[in-house]
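Notes for the one structure printed next.
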Amino acid sequence: MNAPVNPPKLHDCRDAFASTLERLAGENETIVAVCNDSVGSSKLGGFKSRFPERLVNVGIAEQNMVGVGAGLANGGRLPFVCGAAPFLTGRSLEQIKADISYSNANVKLVGISSGMAYGELGPTHHSIEDFAWTRVLPNLPVIAPCDRIETAAAVAWAATYSGPCFLRLSRVGVPDLLAEGHTFELGKANLLRQGSQVTLIANGTLTHRIVKAAEILADRGIDARVLNLATVRPIDEEAIIAAARETGAIVTAEEHSIFGGLGSAVAEVVVDHAPVPMKRLGVPGVYAPTGSAEFLLDEFGMAPPAIADAAQSLIKRK
Amino acid sequence: MDTTELERIAREIRLRDLQAVFEAGAGHIGGEMSVIDILTALYFRVLKVWPDQPKHPDRDRFVLSKGHTACALYVTLAKRGFIPEEEISTFLQPHSRLNGHPNCNKVPGVETNTGPLGHGLPVAVGMAKAAKLSGARYHTYVVTGDGEMQEGSNWEAIMAAAQFKLDNLTLIIDHNRFQQGAALAETNDLAPFRPKLEAFGWEVTEIDGNAISEIVPALEHRGSAPHCIVAHTNKGHGISFMQDRVEWHHKVPSKEQYEIALAELSEAL
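For the protein sequence lines, the chains are C and G, in the order given.
Going by my numbering, the first sequence opens with residue -12, and the numbers climb by one from there.
Going by my numbering, the second sequence opens with residue 1472, and the numbers climb by one from there.
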């Protein structure tokens, strides 16, 4: 009889973001947090208590928020501009293009509650276009950490990186996956599991699901490689090309539309350098029905057994 | 520098701008002519800037939000020593850094990229707020077009500037009464600007925006709230047949028109 297993502790990555930002702000007086009435949802309450002057709340005005971020950077401040991902990116996309990316302003954009995090609130609140919108912009790294450890590491990296970036965070609790002390490296995939028959690639909350899918595949006697690919741009071409050549098939899964996101970015590398069969899992170009994030990801074929099934059928196409 | 000298410089900038637009075969000459007196007063009297150290931390910030009038800014920056004067002849040429809209990473003196309308004021609010946070003494100026004020992002920034008590920020609205397609009054008539800005908690000054003697004191004014200068200007100012004519938003003079304009502006020198 199996021993009872305690479910792993779940962490909200926003807490890791907020505590890291507060620690860094204690060391670097130029750090400011900019938000759009989102002190609570961006978890900036602690920051506000410790550094009240350095919390710039512009109210519900995302275009201004991003422009203000660019101006703060021009004046020598280090702004972390925080807001719900669908509005931060969609509502101020041209400001992100002209004021941040094209001007190469040293502004850290932090999209909170991305993907299907606001599942029940409906498609206006789903942020499943943000990879597509941001990853076409020059100068703008696009990063979706998978757990609290990678979130903290990415925030610490962003504070020292000279230039803009977009951090895409969830609010859905996830267990720890990476080792304590993990250092974020821009554009580098983490190999979470070695494998030879197929490669599963994801980031953010989906990384946890592909790890489980790989375990299911192992039970079925299939040896799957698992890559956590937090940086969508610049993308780790080397890891993707090696995966294509060494495993011959790639499945991507993402909390995003299958158009223009992580899967598309991986497919661009694959088709240019090492064409192999691919399956892109994500939201297939539709508006989602009502339901929680977990429900919707299952609904769109990203429950771990469904990911395993997709990988298994893909192997037959090799 | 006194008013007479500033007026002479403004005429020289107008002349060079006309030549540049004619030679390039493109530009936004109407709005350039309306804003040149303001640019002259800023760069030759008001702004604390060091052309040999364009990123000096204490420099005053200037943002040309109506970025389509970049040529007037380039001519002004060249005359002030930020870029070589002979470089103006490369305006819009392949690989020239003098693009149709200003680029802060290529052209010294340009603070942020502009072009799409409604971007400059939010960025200027951030610049002014940064000075408040760091204790820096620089002042931030931004010029928008009057038609540009139809962009909602400006009103978001106007609210924030008042809320943040940015007495170190000056917005100059180049109120030439025309936008690209028609008169402001026939499009979305925001005039009068004064009561609107005042209602949002700004201090407002109205001036003749083509009169250096009125521009300089308005720019030098310091109060306890963000300051808006409603600069009443003329589109195409200084060139008789362009003045207050909507078609000169981005029309290029014919050879004959060019000669007439050249004569008019040269005569004024």
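Note that the Cβ used here is the ideal one computed from N, Cα and C, for glycine as well.
Can you tell me whether DSSP reads residue i as helix, strand or coil?
i	result
glycine 102(C)	strand
arginine 1648(G)	coil
cysteine 1575(G)	coil
lysine 95(C)	strand
serine 279(C)	coil
valine 1542(G)	Checking the sequence shown, residue 1542(G) turns out to be cysteine, not valine. Helix.
aspartate 1679(G)	strand
leucine 284(C)	helix
glutamate 172(C)	coil
threonine 1658(G)	helix
threonine 323(C)	The shown model of chain C, from -12 to 305, leaves out residue 323(C), and the question about it has no answer.
proline 66(C)	strand
leucine 187(C)	strand
glutamate 1674(G)	strand
alanine 48(C)	coil
serine 28(C)	coil
valine 1517(G)	helix
serine 114(C)	strand
valine 161(C)	strand
valine 1581(G)	coil
histidine 1692(G)	coil
histidine 1698(G)	strand
isoleucine 209(C)	coil
valine 1723(G)	coil
isoleucine 130(C)	strand
glutamate 167(C)	coil
glycine 109(C)	coil
proline 39(C)	helix
Quick one: give me the first and last residue of the alpha helix (DSSP H) that residue i is part of.
i	result
cysteine 306(C)	Because chain C is modelled from -12 through 305, residue 306(C) falls outside the range shown and cannot be assessed.
glycine 77(C)	72 to 77
valine -8(C)	First-last for valine -8(C): undefined, no H or E at that position.
glutamine 299(C)	291 to 302
arginine 196(C)	193 to 206
alanine 1739(G)	1726 to 1739
Going straight from the alpha carbon of residue i to that of residue j, what length do you get?
i	j	result
valine 1506(G)	proline 262(C)	56 Å
alanine 205(C)	alanine 211(C)	7 Å
glutamine 181(C)	proline -6(C)	25 Å
methionine 289(C)	histidine 260(C)	27 Å
threonine 1474(G)	alanine 92(C)	37 Å
histidine 1721(G)	proline 162(C)	59 Å
alanine 200(C)	alanine 295(C)	5 Å
proline 1579(G)	leucine 1548(G)	8 Å
valine 256(C)	glutamate 224(C)	6 Å
glutamate 1582(G)	leucine 59(C)	12 Å
glycine 1652(G)	glycine 1586(G)	17 Å
methionine 103(C)	leucine 178(C)	25 Å
leucine 124(C)	serine 88(C)	6 Å
arginine 37(C)	isoleucine 18(C)	12 Å
serine 279(C)	valine 1675(G)	50 Å
leucine 216(C)	glutamate 242(C)	13 Å
proline 264(C)	alanine 229(C)	14 Å
phenylalanine 1456(G)	tyrosine 274(C)	Outside the shown range of chain G (1472 to 1740) lies residue 1456(G), about which nothing can therefore be said.
tyrosine 148(C)	leucine 8(C)	14 Å
Would you mind reading off the limits of the beta strand (DSSP E) that contains residue i?
i	result
lysine 1706(G)	Where lysine 1706(G) is concerned, there is no enclosing beta strand (DSSP E), given that its DSSP letter is neither H nor E.
histidine 243(C)	237 to 244
valine 1534(G)	1532 to 1535
proline 44(C)	Checking the sequence, you will find asparagine at residue 44(C) rather than proline. Segment 42 to 44, the beta strand (DSSP E) holding asparagine 44(C).
asparagine 177(C)	177 to 180
arginine 155(C)	152 to 155
leucine 1563(G)	No beta strand (DSSP E) contains leucine 1563(G), which DSSP labels as neither H nor E.
isoleucine 18(C)	18 to 22
Against residue i, what residues of chain A qualify as contacts under a CB-to-CB distance less than 8 Å, listed in chain order?
i	result
valine 123(C)	The structure shown contains no chain A; the protein chains it does contain are C and G.
Tell me the start and end of each unbroken beta strand (DSSP E) in the stretch 1605 to 1650 of chain G that is at least 3 residues and wholly inside, in chain order. 1611 to 1616 and 1640 to 1646
Closer than 8 Å is the cut-off here; do at least three beta carbon pairs connect the stretch 1651 to 1659 of chain G with the stretch 64 to 84 of chain C? no
Enumerate, from N- to C-terminal direction, the unbroken alpha helix (DSSP H) stretches of 4 or more residues contained entirely within the stretch 211 to 273 of chain C. 224 to 234 and 249 to 260
Continuous alpha helix (DSSP H) assignments of at least 4 residues falling wholly in the stretch 1476 to 1505 of chain G: none
For the pair the stretch 1506 to 1515 of chain G and the stretch 1474 to 1491 of chain G, tell me if three or more CB-CB distances fall below 8 Å. yes
How about the stretch 134 to 143 of chain C and the stretch 1488 to 1508 of chain G: do they share at least three Cβ pairs that are nearer than 8 Å? no
Check whether the stretch 1530 to 1539 of chain G touches the stretch 1606 to 1617 of chain G, taking contact to mean three or more Cβ pairs, one atom from each stretch, closer than 8 Å. yes
If you pair each beta-carbon of the stretch 1712 to 1730 of chain G with each one of the stretch 1664 to 1682 of chain G, do three or more pairs fall below 8 Å? no
Does the contact criterion of 3 or more C-beta pairs under 8 Å hold for the stretch 244 to 253 of chain C versus the stretch 113 to 123 of chain C? yes
With a cut-off of 8 Å, do at least 3 Cβ pairs link the stretch 1555 to 1566 of chain G to the stretch 1591 to 1609 of chain G? no
Count Cβ pairs between the stretch 44 to 61 of chain C and the stretch 1631 to 1639 of chain G that sit closer than 8 Å; are there 3 or more? yes
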